[in-house]
Structures are given as C-alpha cells and as structure tokens.
Amino acid sequence: MTCWSQVDELTRFVLSSTLDSTEKKVEFIANSIQLLNAPKNSRLYSHQDLLRAFTWLTQSRSLYSQLRTWLQLPSLSTLSKITVTAKSKSDDDLFCSVFQKAPERCSAALKTSTASPQWIETGRFIDHVVQLWKVLNTKTPSGHIRFRGPDRCPIDVTAPDQQPLHLLQQWADSALCMRPGSQSQRIKSLTKDTANALHWTCKCLIELTNFLLTTDSALRHQYVALGFFQQDDIGHHFAHFRLAAGSNY
1 MTCWSQVDEL TRFVLSSTLD STEKKVEFIA NSIQLLNAPK NSRLYSHQDL
51 LRAFTWLTQS RSLYSQLRTW LQLPSLSTLS KITVTAKSKS DDDLFCSVFQ
101 KAPERCSAAL KTSTASPQWI ETGRFIDHVV QLWKVLNTKT PSGHIRFRGP
151 DRCPIDVTAP DQQPLHLLQQ WADSALCMRP GSQSQRIKSL TKDTANALHW
201 TCKCLIELTN FLLTTDSALR HQYVALGFFQ QDDIGHHFAH FRLAAGSNY
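The sequence shown begins at 1 in the working numbering and counts up one residue at a time.
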C-alpha cells in the first residue's frame, strides 16, 4: 500500500467516525500534518499527490481543531501551505561537521576565542547539546566507565543524584523559552513545532523513567538507559515520520 493510499484510507475513516473512535487516531493525524508540511525530498511527490495531500491536510486540520478542546490536545502551529523544497545540503554538512566529527574541538575553539562574546555562548550551547545527546543515547549500564563520561550513566533509582533527569528537565524548560515570541528581543529561536516536540519528549522521558523505576508491577527496572527507547523495533514503527520530517525532525 502506498503512502497516499494510506492517507486516503485514514481520511475516509476519520471523517466518517464518531468522536470515540476518532480519539485514537488524532495523535497520528497531528504527526502526519507535520510530516506533510515539511517533506524531505520533493521528488517523492507528484503534482497530483500534492493536491491530494493538501486536501487531506485541510480536512485533518479542521477535524483536529474541532477535537482539540474535547480531547485537551495541544494547538498546532499555523500551516498555510505544503513546503516542497528539500532541506539545504549545506545545513546538513554544517551540522555534521560540528556535532559528529569534532564537537569538543569546535566548542573549545569557540569558547577560547576573543572575537565575539556570542562565540563563547555558542560553544557552551554545543556542550549542552552534546551532553543531552550522550544522555539520550546511553544504551549500556557501564557506558560511563567505558567512555569515562558521567553523562553516559544509566538512571539508577539508588543513585544519590539523578543528573540525567535533571538535565532532561532543564531542556524541557529551555525548550519553552526558545519558542518564537517567548523572548523580548529578536534572537535565534526554535520553531514552535520543534520547541514543543523537544519539551514534551523530555517531559515524557522523565515520567516514563520514574514509572519504570518506582512501579510495583512487573515492569519495574533497577536502572533505565534512555537509549533503550530508540531500538530498532520502535524506530521501525516511526520510520515514515523520520523519513519525511526533514529539518523539523
């Protein structure tokens, strides 16, 4: 079944359903709206596909607005059109150079530079991003020993301080401050969708971790490594969102 046949099937189901049966589909609708708004590769979309997608997008936005109050859902940012341009390759190259090849060297060079105070702040921001990346990608209970980095410690209920959880809470709060319009001065900020996604991802990981560490059920764990939540079976389930999300992923 092609992507757009799935869209047609979902549209027919949602628009003909009652509120009770629609509730389970609303989250997928919201994610799909973001997916269609920023396709990563415009070559995947013909003119006919885009017209059908735009029609489905309009119908889904209208339905989501109607159900938002009843289901207590977050609001969507204004989506006026479907963007069909691919993400700039130079943005990918810059990101890979900074965060994948040598983030420590890049950060050190920026923080020791006297050319501009903004460079020092940029270096510190890179450190925070790398620290979050290490926490989210912890997959083994001994990663902090192997890599000699405290940021790779699993979250243990017996640990005196829950530094990974504190870091997630800091990022959850910071994401709200980095939303457009949340600053008095015009500075660099995240898009509303990205800020909301970062905020709620961190909040949900905190709640999920606390549940797994404290529940009295059989799901209780002695420790939690956040990298477990991005294993292949989970990634496969959300692969279609990752493929087409583009710069918003």
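No residue lacks a Cβ here, since even glycine has one placed at the ideal position from N, Cα and C.
ask   = What's the C-alpha gap between D156 and T122?
value = If you take the alpha carbons of D156 and T122, they lie about 32 angstroms apart.
ask   = Which residues in the same chain as L168 place their Cβ atom closer than 6 angstroms to its Cβ, once the five residues preceding and following it in sequence are excluded?
value = Correct list, in chain order: C202, L205 and I206.
request  = From the DSSP output, in three-state form, read off K24 for me.
outcome  = Below a pLDDT of 50, predicted positions are generally treated as unreliable, and K24, at 48, falls in that range; no measurement from the model is reported.
message = By the DSSP assignment, the alpha helix (DSSP H) with R105 in it spans what residues?
response = Counting along the chain, the alpha helix (DSSP H) containing R105 begins and ends at P103 to K111.
key: Option in S107, S113 and L165 with minimal Cα separation from L223   = Strictly speaking, residue 223 in this sequence is Tyr, with Leu absent from that position. Nearest neighbour of Y223 by Cα position, chosen from S107, S113 and L165, turns out to be L165.
task = Buried or exposed for L208, please, with buried defined as at least 16 other CB atoms from any protein chain shown within 10 angstroms of its CB.
result = With fewer than 16 other CB atoms across the displayed protein chains lying within 10 angstroms of its CB, L208 is exposed.
query = What separation, rounded to the nearest whole angstrom, lies between the Cα atoms of C153 and L136?
reply = Each residue's alpha carbon lies about 10 angstroms from the other.
task = Per DSSP, which residues does I120 bridge with? Please list them.
result = Per DSSP, I120 has no beta bridge partner at all.
message = Using the Cβ count rule (16 or more neighbours within 10 Å means buried), how would you classify R179?
response = Buried: at least 16 other Cβ atoms inside 10 Å.
ask   = Does the beta-carbon of A175 have 16 or more other beta-carbons within 10 angstroms, so that it is buried, or is it exposed?
value = Note on A175: 16 or more other CB atoms within 10 angstroms of its CB, so buried under the neighbour-count rule.
message = Suppose contacts are defined by Cβ-Cβ distances below 7 angstroms. Is W119 in contact with L132 by that definition?
response = For W119 and L132, no; Cβs fall outside 7 angstroms.
ask   = According to DSSP, is D127 helix, strand or coil?
value = Shown here, D127 sits in a helix according to DSSP, grouped into three states.
query = Using DSSP with H/G/I as helix, E/B as strand and the rest coil, what is D156?
reply = DSSP places D156 within a strand segment (E or B) once states are collapsed to three.
message = Please classify K139 as buried or exposed, where buried requires at least 16 neighbouring CB atoms within 10 angstroms.
response = Exposed: under 16 other Cβ atoms inside 10 Å.
query = Out of curiosity, what's the CA-to-CA distance linking L212 and A218?
reply = In a straight line, the C-alpha of L212 is about 9 angstroms away from that of A218.
inquiry  = Using the Cβ count rule (16 or more neighbours within 10 Å means buried), how would you classify S107?
reply    = Residue environment analysis places S107 among the buried positions, since at least 16 neighbouring C-beta atoms fall within 10 angstroms of its C-beta.
Buried or exposed by the 16-neighbour rule on C-beta atoms within 10 Å, applied to W171 = Buried.
ask   = Can you name, in chain order, every residue of its own chain whose Cβ lies under 6 angstroms from the Cβ of S189, other than the five neighbours on each side?
value = Contacts found: M178 and P180.
key: Closest by C-alpha distance to H128, when choosing among P103, D216 and A225   = Of P103, D216 and A225, the residue nearest in Cα terms is P103.
ask   = Measuring CA to CA, which of D151, R105 and F125 is closest to L226?
value = Ranking D151, R105 and F125 by CA distance to the CA of L226 puts D151 first.
ask   = Unbroken alpha helix (DSSP H) runs of length 4 or more, entirely within the segment 190-236: which are they?
value = DSSP runs (the alpha helix (DSSP H)) wholly in the segment 190-236: 192-214.
ask   = Does DSSP classify Q170 as helix, strand or coil?
value = Three-state result, Q170: helix.
ask   = When you compare only the Cα positions, how much space is there between A197 and S113?
value = Across the structure, A197 and S113 are spaced so that their CA atoms are roughly 33 angstroms apart.
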